[in-house]
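What follows is one structure encoded as structure tokens, with my remarks underneath.
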Amino acid sequence: MGFKTSLRIVALSLALATHATQHDVLDFVNPLIGTINGGHVFPGATLPFGMAKAVADTNGAELQGGFASDNSDIVGFSHMHDSGTGGGASLGNFPLFAQSGCLNGELNNCYFAKALRASKRINDTVIAEPGYFAVALNSSINTEMTVTNHTALYRFTFPSTPKPMKITDKGSVPNEPLILVDLTDLSNSRSRANISVDDRTGRITGSGTFQPSFGIGTYTLYFCTDFQGAEIKQTGVFQNNRAGTHPKHLQTQADGSSKPPVPAGAFVQFKRPGKHNEIVARVGLSFISTQQACRNSANEIGDFNFNSTRQKARDAWADKLSTVRVDATGVNKTLQTVFWSGMYRSMISPQDYTGENPLWKSDEPYYDSFYCIWDSYRSIHPLLTILDPVSQTLMVRSLIDIYRHEGKLPDCRMSLCKGFTQGGSNADVVLADAYVKKLNDGIDWKTGYEAVISDAEDEPPIWSVEGRGGLASWKELGYIPTDDFDPYGVGPFTRSISRTVEYAYNDFCIAEMARGMKKQGDVEKYQKRAENWVNMFNKDQQSTVQGKTFTGFLQPRYLNGTYGFQDPTFCTPMLNFTSCYLNSNGHETYEGSSWLYTFYAPHDMDALITTLGGPTEFVRRLQFLHDTPDLLYMGDEQGFLMVYLFHYAGRPGLSSFYQHHYIPSLFNDTVVGIPGNDDSGAMGSFSTLAMMGVWPVAGQDVYLINPPFFPEITITNPITKKKAIIRTIQFDASYENIYIQSAKLDGKPYTRNWISHDFFVQGGVLELTLGKEESQWGTRQQDLPPSMRKNHSR
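Just so you know, the sequence shown maps onto residues -22 to -1, 1 to 772 in mature numbering (1 follows the signal peptide of the UniProt record, and there is no 0).
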């Protein structure tokens, strides 16, 4: 059965289900968390994984998600965004902007250019809810927005008595609202565009070609804007800050000297606002054509009914979150808000662009805004596998279809373009995670395996945007030399340490897939390569921090086998914090230090613990990483696993201790409530999983068990309908009882400190008795999580 007649129907039936609408949890969703201080969260109106994302756009330094909770001005209202990006500002194409009228009735006294029309928001008027966003401007225009999957709907309410936009404006403003469409995006990347306005209906259509925010190439987007609620006075186009009623069509392109490109667009002016002083604007979107953009808007919001559309969006979110129910007795509002808001943000992206992919024809789903898999493989995709396996299956199918048509799995992708790789080929981990957890419906695992083998064996010409570089050295030497000679492809010749340990884990994930496919030769081959993480380990390298010395760290290594030196604290807040980003030179770790990457061998933890001196010394070093200010930065996703590695050394209680250390100190319900940029919801998925009481080791069928932050949590599998219940005994909302004393699974004693995905598929009751002190639960050697060279077969 094909995509449109299989999983699509399942997804639709789930979205329309009337059971467990659970609207009350939406009161605990605060989309404004992370909208300042580098969080870059998109707080506007969206559906789960929706393409249309509407919000007010600001002009400050933190406009990556469109809106920021700062004092920046509002310059427009646009319809597509990404959330939490660490790169440049993304999307924000074709913003609308509304004015009550033009000063003294002169058209060119209205403000057309983005820099000139910038307006202050009225304090305390911002409302952000699932599927809805609103803010009032200092011009007394109130703006509201909601969405369907490909369409944004805006309601502008104008003041009964218009006033000038600027304090310096002298004269009167007639009650003749003007709404413009600007051929721009958040990053001012437009290269060419066209726009037309229909003088009779006021419909504005057009397209533009733009650049992605963290990749290469260009994309073309189309739109179709219609208005309802007022009689048209005049229409026209504008360029720079001058407008006219003739012509009705405009073509423009970058001239190579104007940066940003010359402002351009179209407008509709109305004789007066309609009933209740409102005008509604509907914007359909498409990557295919303006005709399809118009069809999308007509099919999805044919009646322009704002309240109904808003309610349907809210219902969709209530249903999507209804797979989880909690007993929140005694749990304060802050923690409930952190939990539900994090879950909400983890379902904003990737975005469902199915039917909107102009690059190839396919019956497979197409998802975009994998932004980036280096961030999302660790927690977003494993979380979706638990809560929304239908959507996760569609995403895996989409990744495989991208390989089928472009020759490689993406490591990052946005706006139909290839994004930059940051470490390994981490889509391999996403596929392996889905494979070992037995996601199957419609997934072509033969082609999926072919895709991961391609990553491991075939170096692409440009490995900065897909696949892996340095494969000749990887195969021959077992590491990526710091002075690698690689004439086979092009990419940044840095990050030799972090690429080495990530390639090792990627190969382990391939071995796991090979094991399930009975390819024993490949199991042995890739498991052997998975041991390569140790080849960058310099057992003699020391690091002294705050008077304490530790020995043995990953270090640069050259073609001749000798070691170089990178201070183990380099790229921490202690030392040159921002020196290890993608566009930096001379670094061998990526967005983290050797202190951090020396702990990264999640498949081979028994060997890593031995390498670092045994369990006691390993725990001492890991605690020092967490306890020393500025040594570990939790604002990057590779810090997440560091919280839970204590499980492997027989100290699961310390994992619980440190997750309570970070929540709510770094993860809370304020606008600065996450420690770094959200990366499409990765920060949200961390807090969600931590508070659920399970931490997935991505790429393996392993969940590390911790006490949840609630007396009881129930997760209903959307496919099997089975319920996985995690229940605590002796729970206390002051979180003094945070250590597991004993556990039962379906009434029988359970001593392992980890559990498999079957628990979430088949259901069951995991009962955790808690206390104030660490216990012996989960500490025995036989109760530790699997490790490749010791107990992986368990």
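Ideal Cβ positions, reconstructed from N, Cα and C, are used throughout, including at glycine. Note that the structure is a prediction, hence the values are computed from the model and not measured.
Asked	Found
Whose C-alpha, out of 189, 206, 204, 205, is nearest the C-alpha of residue 198?	189
Taking a contact to mean a Cβ-Cβ separation below 8 Å, would you say residue 540 touches residue 523 in this structure?	no
Could you spell out the range, first to last residue, of the beta strand (DSSP E) harbouring residue 186?	182 to 188
For residue 569, tell me which candidate among 403, 271, 64 has the shortest Cα-Cα distance.	64
Closer than 6 Å by C-beta to residue 619: which residues in its own chain qualify, once you throw out the five before and the five after it? Chain order, please.	none
What residues in its chain sit with their C-beta under 6 Å from that of residue 335, if we drop five residues either side in the sequence?	344
Hey, residue 34 and residue 23: beta-carbon distance below 8 Å or not?	no
Please determine, among 256, 571, 623, 259, the residue with the shortest C-alpha to C-alpha distance to residue 476.	571
Return the residue from the list 58, 292, 98, 105 that minimises the CA-CA distance to residue 117.	98
Note down, one range per segment and in chain order, each alpha helix (DSSP H) of at least 4 residues found wholly within the region 545 to 621.	572 to 575, 583 to 589, 593 to 605
Of all the options 287, 611, 147, which has the alpha carbon lying nearest to the alpha carbon of residue 549?	611
Look up residue 261 in the DSSP assignment and give the residues it is bridged to.	130, 203
By the DSSP assignment, the alpha helix (DSSP H) with residue 56 in it spans what residues?	Premise fails: residue 56 lies in the beta strand (DSSP E), 52 to 56, not in any alpha helix (DSSP H).
Identify which residue in 390, 386, 349, 413 has its Cα closest to the Cα of residue 367.	413
If you run the structure through DSSP and keep just helix, strand and coil, what is residue 343?	coil
Which term fits residue 86, buried or exposed, when burial requires 16 or more other beta carbons within 10 angstroms of its beta carbon?	exposed
Three-state secondary structure (DSSP) at residue 166?	coil
Quick check: the Cα distance between residue 384 and residue 426, rounded to an integer number of angstroms?	13 Å
Check whether the region 71 to 80 and the region 223 to 236 touch, using three or more Cβ-Cβ pairs below 8 Å as the test.	no
Which of the three DSSP states is assigned to residue 349 in this structure?	coil
Rounded to whole angstroms, how far is the Cβ of residue 119 from the Cβ of residue 76, which I believe are closer than 8 Å?	5 Å
Mind checking who residue 673 pairs with in its DSSP beta bridge?	682
Does the region 34 to 49 touch the region 303 to 314, meaning 3 or more C-beta pairs lie closer than 8 Å?	no
Mind checking residue 337: buried by the 16 CB within 10 Å criterion, or exposed?	exposed
Do residue 489 and residue 767 have their C-beta atoms within less than 8 Å of each other?	no
Residue 407 to residue 295, Cα distance in whole Å?	28 Å
Under a three-way DSSP split, which group does residue 431 fall into?	helix
Where do the ends of the alpha helix (DSSP H) carrying residue 317 lie?	311 to 323
Per DSSP, residue 701 forms a beta bridge with which residues?	694
Need the endpoints of the alpha helix (DSSP H) that residue 285 sits in, please.	284 to 299
In this structure, how does DSSP classify residue 483 when only helix, strand and coil are distinguished?	helix
For residue 652, which residues in the same chain have their Cβ closer than 7 Å to its Cβ, ignoring the five residues on either side in sequence?	11, 12, 17, 645, 661
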